[in-house]
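In the numbering used here, the protein residues as written are 154 to 406.
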């Protein structure tokens, strides 16, 4: 059986039975191309040509038809078969990539992971900055140490979650001077909070505190965005009182 490589046209002579139905995978020894070779249908052998009788002259007698002596001529030689080559057994195609491709793929994956980590880190940092500057009060309540950072940046923070609006006036009660303070407390958060005590302090012209006291609001708890009130009075204030400070009392005050 003669087969021909479809890529480089090299021909090979195979022994009978090498390629059985329905066929098999073979590979060219010259160009390493592999293909599926169908089994060839075996044809019946060609009949050998009959010998051709040739008349010869008898040197001992007159010429006469030669009927019983003939000389056999060799049959025409058949075409020379193509050279025989040993075809190696078909080998399975390797599915493993070359080492260089594996190293390149690993480097590409490492670069992709590094880029992804940088993008995630950058997005996290930007998100943290936006949160830090958009919710200073909430951040300061969760992380009290951040209040000093906000103060250094010139950002006013409200750790308590409440806002105080106060006004004061002076009046006389039986010829005794009295400072009257009326205030409003606003819950600026979206949750219910306990209202802390209100601390009031009288200061002199230099800002030095002279006297202070605390009062309770009219409501002990305020819901989200709810408002409350408080009132305070100070009879016979110090003579050098020049200023009044109103704020929420700290835990230890």
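Glycine included, every Cβ here is placed at the ideal spot set by N, Cα and C.
- DSSP, read as helix, strand or coil, puts residue 320 in strand.
- For residue 305, there is no enclosing beta strand (DSSP E); the residue is part of the alpha helix (DSSP H) that begins and ends at 299 to 305.
- Residue 334 sits in a strand when the DSSP states are folded into three classes.
- Residue 293 is a Cβ neighbour of residue 312, given a cutoff of 7 Å.
- Rounded to whole angstroms, the gap between the alpha carbons of residue 323 and residue 396 is 12 Å.
- Remark: C-beta atoms of residue 350 and residue 402 approach each other more closely than 7 Å.
- The beta carbon of residue 374 sits closer than 8 Å to those of 345, 346, 347 and 348, all from its chain and outside the five residues before and after it, given in chain order.
- Residue 319 and residue 370 have their alpha carbons spaced roughly 12 Å apart.
- Measuring C-alpha to C-alpha distances from residue 405 to each of 384, 352 and 381 identifies 352 as the nearest.
- Straight across, the Cα-Cα distance linking residue 376 with residue 393 is about 40 Å.
- Annotation for residue 381: the continuous beta strand (DSSP E) segment containing it runs 380 to 388.
- Assignment of residue 362 by DSSP, reduced to helix, strand and coil, places it in the strand class.
- With contacts defined as CB atoms closer than 7 Å, residue 339 and residue 316 qualify as a contacting pair.
- For residue 187, the enclosing beta strand (DSSP E) stretches over residues 187 to 191.
- Taking a C-beta distance under 7 Å as the contact criterion, residue 331 and residue 388 qualify as a contact pair.
- About 5 Å separates the beta carbons of residue 368 and residue 385, which is inside the 8 Å limit, making them a contact pair.
- In the DSSP assignment, residue 294 falls within the alpha helix (DSSP H) that extends over 289 to 295.
- In the three-state reduction of the DSSP assignment, residue 178 falls in the strand class.
- In the DSSP assignment, residue 354 falls within the unbroken beta strand (DSSP E) covering 351 to 356.
- Of the candidates 358, 310 and 321, 310 places its Cα closest to the Cα of residue 342.
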